[in-house]
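Protein chains in written order, with my numbering: chain X, 21 to 402; chain D, 12 to 346.
Pasting the structure below:
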């Protein structure tokens, strides 16, 4: 289309603009959750995440230091300090000392305090209270400010979600459980499937075509059908609910795709290579381990990524075959669903928990996108 | 034992077990059973070669048979029986199916599933095709594609959380934190809506999540297909004075028709199995039930294996035409 677009700059701009629009549409929801995970509960609940990217004007109620900190200077009682306690780079635009006139003064002006004395506040929140008599009471004076707050983010949510020990919000255990499910469930089917794929691609035997057709058919069998029969089977042979069961289940469910992808790839390897090796007296086992396996690395990687993403992101198989009443073996997806139920309003916990679980697959995705794409293509188009 | 060690141990046992099985069984075949020596060397080699494929295939076939083929038969059997209190099963014929057909929730799930089946594959394929075409020749196309592809890596559950924030609702006097409500109010909406509780339309909001995930998949495959179109056909069309839209709809789309069909059916299968999104976002409340979640409800909440299996068979039945079509295509390719 470049030829045409080249002659019509207007069209090219439309193309660029539409792609930008679509990309924004696709990225913004995730971005919203990511940003929310760095905000405090208050911030999330009171303003949309998109506001947090810009300085925001907010009305705050702050307090000066308590009267016990006053010092005497030249016969005056003085309290000095910073309203933000030095923790914020906020800029005050207006302030007041009464809740009915929160914007009565601008920075630098001096106000009369109701309980006696005066207060001067500058734009950075530094204040100076003066009083010829002693300040009394146990708490400091209230100051209402209208301030421009810079964007503010925190890592506290991640700290809480990952490291909190006794807390029910903890994802730490679920993270390791997920890892424990995922890694064996990714590695074992690869080996089993690779041998089968080699036989289906390069060995001659009656019924081969039928078997390949069966694998293609099983590719689409809904996993839902397997739940009850296999749970029954696991309970009967004594595996029950647990890691072993979930590993076996993932191995079985991943098998058709693994065989299909690997067979397609192996069948495309040059025939001469394998026949030469056979003539040279290599056994099938040697051909497979020394020749086919190393050459099939791209296909193995493709499948490994699929299986990894699928087992990491899985909820249903874990719920049925792994998670028992004790809840010790919960996985992250399940924790998040539980949080959605019990803590539907606590967005800071939810957003952070979700991001902890999303982070690993995203990293794998961006690092190994090439293989993922290759696998997708091998699986669907010729 | 700590599960992590158990995991490592399993990897070790699993991997060495696999390798050991394949190595030893091959050794046994070649050295003990049919050694390629002695008076019957030739016959032995042939015999070994007849058996060997099955050695390679055995573990995979066992897994396929036990975890996928057997359950289909067993689910069919379960759907025709009921559990008897105290153990055992009794044959009830089609009673489970009749009971299911009398439940309004089942028909709600069927109706919703039909909408899912039409809209999600159509929209994902359309968006995928659109993005594939638009990014084809622009310099930062790969970056754009990568970003639109990204949701593929996110779990359905994670995606549900992401979109639940988008659909969030706050009381009218507060600032809205959900983007949809914020936009709705910005463009003149009168008061914030609790989107996920509006029957009928809420199903579409759930579909958006799956479309968002699946578009990347459609895009990757269609993009490769678009690149595979012979350049001459497009050049010829340009010379004949076709405009970009004509080229796209009359030259390109017809040439990648098969791929579009493959993408469409693949997404259809995903849609039929969709469970996590509905489970996490509404759990089938407010008339958003779908078959897979209905089945989960029956199996694990109502503990009714008969009706649960019957609804699983309905899903299988809906997948069946695609299964047959796939197998026939594969066989055609093999010839």
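For each residue, glycine too, the CB sits at the ideal point set by N, CA and C.
_Output needed for residue 117 of chain D: all residues of its chain with C-beta closer than 6 Å, excluding positions within five of it in sequence on either side, in chain order._
The residues are 111.
*Can you name the residues of chain D whose CB is closer than 7 Å to the CB of residue 158 of chain X?*
From the beta-carbon of residue 158 of chain X, no residue of chain D is found nearer than 7 Å; the closest lies around 34 Å away.
*Are the Cβ atoms of residue 263 of chain X and residue 349 of chain X separated by less than 9 Å?*
Yes. Within cutoff.
_Helix, strand or coil for residue 115 of chain X? Go by DSSP, reduced to three states._
For residue 115 of chain X, the three-state secondary structure derived from DSSP is strand.
_Start and end residues, alpha helix (DSSP H) containing residue 248 of chain X_ = It spans 247-257 - the alpha helix (DSSP H) in which residue 248 of chain X sits, taken as one unbroken run.
*Grouping DSSP H, G and I as helix and E and B as strand, with all else coil, what is residue 11 of chain D?*
In the structure as shown, chain D begins at 12 and stops at 346. Residue 11 of chain D is therefore absent and cannot be evaluated.
*Is the distance from the Cβ of residue 191 of chain D to the Cβ of residue 212 of chain D below 9 Å?*
Not in contact: residue 191 of chain D and residue 212 of chain D (Cβ atoms no closer than 9 Å).
_Taking 6 Å as the limit between beta carbons, can you name the residues of its chain near residue 138 of chain D, skipping five residues before and five after?_
Residues of the same chain with a CB within less than 6 Å of the CB of residue 138 of chain D, apart from the 5 flanking positions on each side, are 226 in chain order.
*asked:* For residue 92 of chain D, would you say it is in contact with chain X, using Cβ-to-Cβ distances shorter than 9 Å as the test?
replied: For residue 92 of chain D, the closest Cβ of chain X is not nearer than 9 Å.
*Residue of X/39, X/49, X/53 minimising C-alpha distance to residue 368 of chain X*: Minimum Cα distance to residue 368 of chain X is reached at X/53.
*Taking all protein chains shown into account, decide if residue 211 of chain X is buried (16 or more other Cβ within 10 angstroms of its Cβ) or exposed.*
Burial call: buried.
*Assign residue 90 of chain X to one of two classes, buried (16 or more other C-beta atoms within 10 Å of its C-beta) or exposed (fewer than that).*
Residue 90 of chain X is buried by the Cβ-count criterion.
*For residue 230 of chain D versus residue 167 of chain D, is the C-beta spacing smaller than 9 Å?*
Cβ distance not < 9 Å, so residue 230 of chain D and residue 167 of chain D don't count as in contact.
*Under 9 Å between C-beta atoms of residue 271 of chain D and residue 136 of chain D*: Yes, the Cβ-Cβ distance between residue 271 of chain D and residue 136 of chain D is below 9 Å.
_Quick check: what's the CA-CA separation for residue 39 of chain D versus residue 293 of chain X?_
When rounded, the distance between both Cα atoms is 26 Å.
_Once the 5 residues before and after residue 179 of chain D are set aside, which same chain residues still bring their CB inside 6 Å of it?_
The answer, listed in chain order, is 188, 189.
*Can you name, in chain order, every residue of its own chain whose Cβ lies under 7 Å from the Cβ of residue 324 of chain X, other than the five neighbours on each side?*
Result list for residue 324 of chain X: 206, 210, in chain order.
*asked:* Are the CB atoms of residue 395 of chain X and residue 287 of chain X within a distance shorter than 9 Å?
replied: With a cutoff of 9 Å on beta-carbon distance, residue 287 of chain X and residue 395 of chain X are scored as not near each other.
_Beta-carbon within less than 6 Å of residue 279 of chain X's beta-carbon, same chain only, minus the 5 sequence neighbours each way: which residues are those?_
Excluding sequence positions up to five before and after residue 279 of chain X, its CB lies within less than 6 Å of the CB of 213, 216, 217, 235, all in the same chain and listed in chain order.
*Shortest alpha-carbon distance to residue 322 of chain D belongs to which of D/154, D/20, D/261, D/89?*
It is D/89 whose Cα lies nearest to the Cα of residue 322 of chain D.
_Under DSSP, the beta strand (DSSP E) around residue 350 of chain D begins and ends at which residues?_
The first residue shown for chain D is 12 and the last is 346, placing residue 350 of chain D beyond what the model contains.
*asked:* For residue 401 of chain X and residue 52 of chain D, I'd like the C-alpha separation in whole angstroms.
replied: Only weak support is given to the placement of residue 401 of chain X: the predicted model assigns it a pLDDT of 42, under 50, and the value that follows is read from those uncertain coordinates. One C-alpha to the other measures close to 44 Å.
_Beta-carbon spacing of residue 327 of chain X, residue 282 of chain X below 9 Å_ = Contact flag unset, no.
_Looking at chain D, is there any beta carbon in it that lies within less than 9 Å of the beta carbon of residue 47 of chain X?_
So, interface residue.
*Identity of the residue in X/141, X/334, X/229, X/303 nearest residue 342 of chain D by Cα*: That would be X/229, whose Cα lies nearest to the Cα of residue 342 of chain D.
*Measure how close the beta-carbons of residue 310 of chain D and residue 342 of chain X come, nearest whole angstrom, since I'm counting them as under 8 Å.*
With a Cβ gap of about 16 Å, residue 310 of chain D and residue 342 of chain X do not count as contacting.
*Proximal chain D residues relative to residue 366 of chain X, where beta-carbon distance stays under 7 Å*: For residue 366 of chain X, there are no C-beta contacts with chain D under 7 Å, since the nearest C-beta of that chain is about 12 Å from it.
*asked:* Between the alpha carbons of residue 298 of chain X and residue 308 of chain X, how many angstroms are there, rounded?
replied: Going by the C-alpha atoms only, they are around 11 Å apart.
*In chain X, which residues lie with their C-beta within 7 Å of the C-beta of residue 186 of chain D?*
From the beta-carbon of residue 186 of chain D, the residues of chain X found nearer than 7 Å are 66, 67, 68.
_Top-ranked residue by Cα proximity to residue 223 of chain X, from D/64, D/290, D/183, D/173_ = Looking at the Cα atoms, D/64 is the closest of the given residues.
_N- and C-terminal bounds of the alpha helix (DSSP H) containing residue 327 of chain D_ = Going by DSSP, residue 327 of chain D is part of the alpha helix (DSSP H) stretching over 316-345.
*Keeping to the same chain, check which residues put their C-beta closer than 8 Å to that of residue 339 of chain X; ignore five residues upstream and five downstream.*
For residue 339 of chain X, where only same-chain residues beyond five positions count, the Cβ hits under 8 Å are 354.
*Every unbroken alpha helix (DSSP H) inside the segment 318-397 of chain X [4 residues or more]*: The alpha helix (DSSP H) runs of length 4 or more contained entirely in the segment 318-397 of chain X are, from start to end of the chain, 336-341, 352-362, 367-387.
*For residue 25 of chain D, which residues of its own chain have a beta-carbon under 7 Å away from its beta-carbon, when the five flanking residues on both sides are left out?*
Counting only Cβ-Cβ distances below 7 Å, and skipping sequence neighbours, we find nothing.
*Identify the continuous alpha helix (DSSP H) that holds residue 283 of chain X and give its terminal residues.*
Under the DSSP assignment, residue 283 of chain X falls in the alpha helix (DSSP H) whose first and last residues are 263-287.
*Roughly how many angstroms separate the alpha carbons of residue 267 of chain X and residue 182 of chain D, rounded to a whole number?*
One C-alpha to the other measures close to 46 Å.
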